[in-house]
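Asker: In the UniProt record's numbering, the protein residues as written are 1 to 630.
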């Protein structure tokens with residue numbers, strides 16, 4: 001698909017509105033109830049943020065949008081043809097092997113040269129549908145034609161088995177909707193998307209409206225986890241907004257919209273402490289369960305989509321990861337702003353050796369006698385998944401944190417609010433941190449613990465999946481454990497996750513040298529942030545880093561017969577490989593690298609929103625009544 005064709009498919013920008021101002025109050029917090037409790041808590045968290053980090057992370061007295069001394073800014077950048085063509089060649093190397101050995105299967109195993117499905121009942125297009133818009137964007141016309149034929153004639157959702165609600169939505173439904181738009185609205189994609197969407201809706205039939213984690217597509221029935229039937233991942237429940245709302249717009253079916261929006265209402269009413277949410281909720285009650293608080297696994301896309309949701313409700317600009325509508329009033333709290341404030345004050349940390357910015361986590365501490373959750377402790381560990389946050393913060397800075405509709409490349413001092421500058425610089429620092437992990441031969445977060453010296457270049461450019469440090473001690477926090485002895489002495493206690501976090505926010509932590517999971521299967525989060533940062537700054541450093549990552553993948557993960565595999569230990573030059581090529585390597589990692597080396601008119605940032613699986617959806621203006629008034 002040509003760049004001019006992609007431009008024709010784009011929508012228009014949203015209208016300008018005043019930047020929301022943070023609310024303040026002079027009333028003291030006298031009791032832990034009502035509004036006074038929340039005002040006092042906000043002040044406490046702000047103060048603790050300064051205490052934990054020493055200074056407000058991401059702030060700078062003099063505004064420098066790109067502080068790096070070796071920056072190579074060119075706002076009028078063009079296409080890097082040589083690098084982009086190399087990415088396309090790598091994509092074809094992987095895709096041709098999949099077509100040869102496993103076409104139609106959900107997964108591909110390059111070493112054994114075979115495919116597999118998610119279910120014994122058959123595949124649901126996990127690979128083909130997840131990747132089809134990459135074929136369109138890269139203008140691989142013959143490969144796309146064969147994929148389109150497979151979707152039309154072979155794709156079926158009559159599979160009598162349980163499939164992950166979240167993954168099926170972001171990969172398959174998102175892929176179909178993106179292909180529909182990029183194909184000049186080929187009806188076969190919308191037909192398949194509507195069929196799948198109606199099946200997915202069955203997962204939302206719970207007392208709270210939160211979707212169950214699994215859905216039987218043939219029986220059209222939501223399915224809970226065996227070990228905890230009512231358990232729902234917060235991020236998974238909240239990360240269905242874009243796909244269902246766009247499907248609602250295309251089909252004039254309001255049910256898709258309202259099912260998705262009801263989830264936001266439940267999350268809003270659960271009232272997260274400092275805007276930070278535990279990763280699990282109860283589908284029956286709609287309340288948070290005592291569980292980890294983090295920006296990594298099962299937490300990442302909640303915060304990623306908050307920017308989408310915030311702009312969906314208030315509409316100021318139409319920008320990547322921001323908005324799908326321009327006709328909505330927003331009665332909801334400023335969820336995005338609250339969460340970004342909470343991240344800055346409670347999760348962001350500065351490394352003790354090299355001073356890199358990173359995000360910590362809160363993990364649940366069990367009672368040593370009962371084993372029940374008793375509190376939270378802070379863990380200075382960051383997953384690679386968190387590397388999405390740098391680009392997301394920079395993007396939010398030029399939208400929710402800007403005074404003007406068309407921000408310069410890079411933004412000028414007068415164009416951003418103080419909060420916008422804070423978010424921009426924090427995003428910049430987080431991207432620097434993530435890039436640094438690819439430069440470390442030992443692949444630990446050297447900025448947290450002891451700096452690892454280079455041990456050769458064998459694995460230069462790869463990064464481990466999880467990085468962090470362990471605690472030198474653990475502490476037990478008192479929580480409100482209300483035993484229901486009057487009704488049932490054997491019943492488990494109920495736990496107040498918000499109170500547990502409140503206690504943890506007031507407790508410092510100590511750290512110990514890094515422990516890591518050192519496998520690498522080429523997640524897209526860093527290159528996603530590089531792509532966004534490059535589009536917003538024109539700094540060629542981001543292209544150079546993306547190229548280094550691509551070269552490392554080519555050197556260490558490429559299978560000569562076709563495809564790419566997971567490196568199980570980036571610290572070991574002779575590491576074993578896992579015989580699997582993840583679908584997101586083609587649908588996200590290589591797509592973001594392709595966009596990084598393309599011109600600004602390919603999937604322009606002011607006209608498209610990419611879902612969390614990198615499927616581009618166009619900005620649109622629905623006529624449907626929205627908001628939480630139901």
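For each residue, glycine too, the CB sits at the ideal point set by N, CA and C. Since this is a predicted model, take the numbers as computed values, not measurements.
#1: Could you pull the start and end residues of the beta strand (DSSP E) that residue 115 belongs to?
#2: Identify, in the order they occur along the chain, each residue of the same chain with its Cβ nearer than 6 Å to the Cβ of residue 68, setting aside the five sequence neighbours on each side.
#3: From the DSSP secondary-structure annotation, give me the bridge partner or partners of residue 340.
#4: Could you check if residue 414 is buried or exposed, using at least 16 other CB atoms within 10 Å of its CB as the buried criterion?
#5: Which first and last residues belong to the alpha helix (DSSP H) in which residue 439 is found?
#6: Taking the Cβ atom as the reference point for each residue, do residue 179 and residue 136 lie within a distance shorter than 8 Å?
#7: Quick one: Cα of residue 73 to Cα of residue 219, how far?
#8: Pick out whichever of 235, 130, 146 has its Cα sitting closest to the Cα of residue 263.
#9: Per DSSP, residue 222 forms a beta bridge with which residues?
#10: Determine the burial state of residue 382: buried for a count of at least 16 other Cβ atoms within 10 Å of its Cβ, exposed for fewer.
#11: Of the residues 425, 551, 162, which one's Cα is nearest the Cα of residue 214?
#12: Output needed for residue 287: all residues of its chain with C-beta closer than 7 Å, excluding positions within five of it in sequence on either side, in chain order.
#13: Cα-Cα, which of 433, 378, 125, 189 is closest to residue 385?
#14: Let's test the definition: count the other Cβ atoms within 10 Å of the Cβ of residue 574 and tell me whether it reaches 16, buried, or not, exposed.
#15: Measuring CA to CA, which of 604, 171, 121 is closest to residue 156?
#16: Could you check the C-alpha separation between residue 566 and residue 139 for me, to the nearest Å?
#17: Our contact map puts residue 193 next to residue 182 with C-beta atoms below 8 Å; I'd like the distance itself, whole angstroms only.
#18: Identify every run of the alpha helix (DSSP H) within the stretch 60 to 135, keeping only runs that are complete inside it and at least 4 residues long; order them along the chain.
#19: Taking 7 Å as the limit between beta carbons, can you name the residues of its chain near residue 164, skipping five residues before and five after?
#20: By the DSSP assignment, the alpha helix (DSSP H) with residue 266 in it spans what residues?
#21: Using beta carbons (cut-off 8 Å, strictly below), is residue 206 in contact with chain D?
#22: Would residue 276 and residue 342 be called neighbours here (beta carbons separated by less than 8 Å)?
#23: Go ahead and label residue 112 buried or exposed: buried means 16 or more other beta carbons lie within 10 angstroms of its beta carbon, across all protein chains shown.
#24: Going by C-alpha to C-alpha distance, which of 596, 584, 595, 606 sits closest to residue 170?
#25: Please report the straight-line C-alpha distance between residue 541 and residue 76, rounded to a whole angstrom.
#26: Taking the alpha carbon of residue 66 as the reference point, which residue from 590, 578, 549, 534 has its own alpha carbon closest?
#27: Looking only at its own chain, which residues have a Cβ that is under 6 Å from the Cβ of residue 616, when we skip the five neighbours before and after it?
#28: Let's test the definition: count the other Cβ atoms within 10 Å of the Cβ of residue 254 and tell me whether it reaches 16, buried, or not, exposed.
#29: So, are the CB atoms of residue 125 and residue 151 less than 8 Å apart?
#30: Note down the Cα distance separating residue 613 from residue 369, rounded to an integer number of angstroms.
#31: In chain order, what residues of the same chain lie with their CB nearer than 8 Å to the CB of residue 224, ignoring the 5 residues before and after it?
#32: Between residue 563 and residue 97, is the Cβ-Cβ spacing less than 8 Å?
#33: Could you tell me which of 209, 392, 597 sits nearest to residue 86, measuring between CA atoms?
#34: Grab me the residues of residue 435's own chain with a C-beta within less than 6 Å of its C-beta, minus the 5 sequence neighbours each way, in chain order.
#35: Quick check on residue 372: does DSSP put it in helix, strand or coil?
#36: Roughly how far, in whole angstroms, is the beta-carbon of residue 559 from the beta-carbon of residue 110, given that I think they are within contact range, below 8 Å?
Answerer: In terms of the structure at hand:
#1: Mapped onto the chain shown, residue 115 falls at position 115. Per DSSP, residue 115 belongs to the beta strand (DSSP E) from 114 to 116.
#2: To locate residue 68, count along the chain shown from 1; it is residue 68. Hits under 6 Å: none found.
#3: Working through the chain shown from its first residue, we reach residue 340 at position 340. Note: residue 340 sits in no beta bridge, so no partner.
#4: Against the chain shown, residue 414 aligns to sequence position 414. Its Cβ having fewer than 16 others within 10 Å, residue 414 is exposed.
#5: Here residue 439 is taken as the residue at index 439 of the chain shown, counted from 1. Counted as a single uninterrupted DSSP element, the alpha helix (DSSP H) harbouring residue 439 occupies residues 418 to 439.
#6: Numbered from its first residue, the chain shown carries residue 179 at position 179. Numbered from its first residue, the chain shown carries residue 136 at position 136. Less than 8 Å divides the Cβ of residue 179 from the Cβ of residue 136.
#7: In the chain shown, residue 73 corresponds to position 73, counting from 1. In the chain shown, residue 219 corresponds to position 219, counting from 1. Whole-angstrom Cα-Cα distance: 55 Å.
#8: Start at 1 with the first residue of the chain shown, and residue 263 comes out as number 263. Ranking 235, 130, 146 by Cα distance to residue 263 puts 235 first.
#9: For the purposes of this step, residue 222 is identified with residue 222 of the chain shown, where counting begins at 1. Paired residue(s): 215.
#10: Counting from one through the chain shown, the residue named residue 382 turns up at place 382. Buried, since its Cβ has 16 or more Cβ neighbours within 10 Å.
#11: Position 214 of the chain shown, counting from 1, holds the residue named residue 214. Residue 162 is the option with its Cα nearest to residue 214.
#12: Within the chain shown, the letter at position 287 stands for residue 287. In its chain, beyond the 5 residues on either side, 270, 281 have a beta carbon closer than 7 Å to the beta carbon of residue 287.
#13: As a first step, residue 385 must be located in the chain shown, where it is residue number 385. Cα-wise, what sits closest to residue 385 is 433.
#14: Taking the first residue of the chain shown as position 1, residue 574 is located at position 574. It counts as exposed.
#15: As a working mapping, residue 156 is identified with position 156 in the chain shown. Checking every option, the nearest Cα to that of residue 156 belongs to 121.
#16: As a working note, residue 566 is residue 566 in the chain shown. As a working note, residue 139 is residue 139 in the chain shown. About 27 Å.
#17: Taking the first residue of the chain shown as 1, we reach residue 193 at position 193. Taking the first residue of the chain shown as 1, we reach residue 182 at position 182. That pair is no contact at about 13 Å.
#18: 81 to 102
#19: To locate residue 164, count along the chain shown from 1; it is residue 164. Excluding residues within five positions, the ones whose Cβ falls inside 7 Å are 213, 214.
#20: Residue 266 sits at position 266 when you count from the first residue of the chain shown. Looking at the DSSP string, the run of the alpha helix (DSSP H) that includes residue 266 is 254 to 270.
#21: Going by chain labels, chain D is absent from the structure shown, which holds only one protein chain.
#22: Mapped onto the chain shown, residue 276 falls at position 276. Mapped onto the chain shown, residue 342 falls at position 342. Closer than 8 Å, so yes.
#23: If you number the chain shown from 1, residue 112 lands on position 112. Here residue 112 is exposed, its C-beta having fewer than 16 other C-beta atoms within 10 Å.
#24: Stepping through the chain shown from its first residue, residue 170 is reached at position 170. For residue 170, the nearest C-alpha among the options comes from 584.
#25: The sequence position of residue 541 within the chain shown is 541, counting from 1. The sequence position of residue 76 within the chain shown is 76, counting from 1. One C-alpha to the other measures close to 15 Å.
#26: The sequence position of residue 66 within the chain shown is 66, counting from 1. Of 590, 578, 549, 534, the residue nearest in Cα terms is 534.
#27: On the chain shown, residue 616 is found 616 positions in, with the first residue counted as 1. For residue 616, where only same-chain residues beyond five positions count, the Cβ hits under 6 Å are 178, 603, 608, 610.
#28: By one-based count along the chain shown, residue 254 stands at place 254. So residue 254 ends up on the exposed side.
#29: Residue 125 sits at position 125 when you count from the first residue of the chain shown. Residue 151 sits at position 151 when you count from the first residue of the chain shown. A contact, by the Cβ cut-off of 8 Å.
#30: As a working note, residue 613 is residue 613 in the chain shown. As a working note, residue 369 is residue 369 in the chain shown. Cα to Cα, the separation comes out at about 42 Å.
#31: Working through the chain shown from its first residue, we reach residue 224 at position 224. The answer, listed in chain order, is 212, 213, 214, 230, 231, 283.
#32: Within the chain shown, the letter at position 563 stands for residue 563. Within the chain shown, the letter at position 97 stands for residue 97. Yes, Cβ-Cβ distance for residue 563 and residue 97 is below 8 Å.
#33: Your numbering for residue 86 matches position 86 in the chain shown. When the alpha-carbon of residue 86 is set against those of 209, 392, 597, the nearest one is in 597.
#34: Locating residue 435 in the chain shown gives position 435, where the first residue counts as 1. Only 545 meet the Cβ criterion.
#35: Sequence index remark: in the chain shown, residue 372 carries index 372 (1-based). If DSSP states are grouped into helix, strand and coil, residue 372 belongs with coil.
#36: Looking up residue 559 in the chain shown gives position 559. Looking up residue 110 in the chain shown gives position 110. The Cβ separation is near 4 Å, so the contact holds.
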